[in-house]
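My numbering puts the first residue of the sequence shown at 19, with every later residue one more than the last.
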Amino acid sequence: MPQSRVMRHGDLMISLPISELEVKPLDITQKKLPPTPKTNRISVLEDQIEMLKRENQSLRDQVDIWVHQVARDRQVAEASKNLAKEALSSSRQTQAAVVNMKRIEREANKEWEAYITQGDTGRLGSFI
19 MPQSRVMRHG DLMISLPISE LEVKPLDITQ KKLPPTPKTN RISVLEDQIE
69 MLKRENQSLR DQVDIWVHQV ARDRQVAEAS KNLAKEALSS SRQTQAAVVN
119 MKRIEREANK EWEAYITQGD TGRLGSFI
């Protein structure tokens, strides 16, 4: 008489012959094992990895924007520096021109005073 194995399903007891219950052991060399089911922890970690990848890309994009802004700001700073140098040079040239104009005015006044006080037409003639 074949042996039997008793299985319990709820309140029901089922008796099956062992020969039907025997499972042929899996030969690892001949068949692939089914993939292991993902655990909740692995799934959570994979989701975190994806989130971190998206955040990393977002940060890289922001860094690229900042790099372009810094480059533009450096160009503006260089242009401002050059403009300031040109303004300073222009101011110095204007000051030099004012000094020359005052010197010429003083010389002209001296010539004019000399003409009036001495009646020297020769010197005034060279000025006119």
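Idealized CB from N, CA, C, for every residue including glycine.
Note that the coordinates shown come from a computational prediction; the quantities given were computed from them, not determined experimentally.
In this structure, the CA atom of Ser61 is about 23 Å from the CA atom of Ser76. Rounded to the nearest angstrom, the gap between the Cα atoms of Ala126 and Ile134 is 12 Å.
Between the alpha carbons of Met119 and Gln136 lies a distance of about 25 Å.
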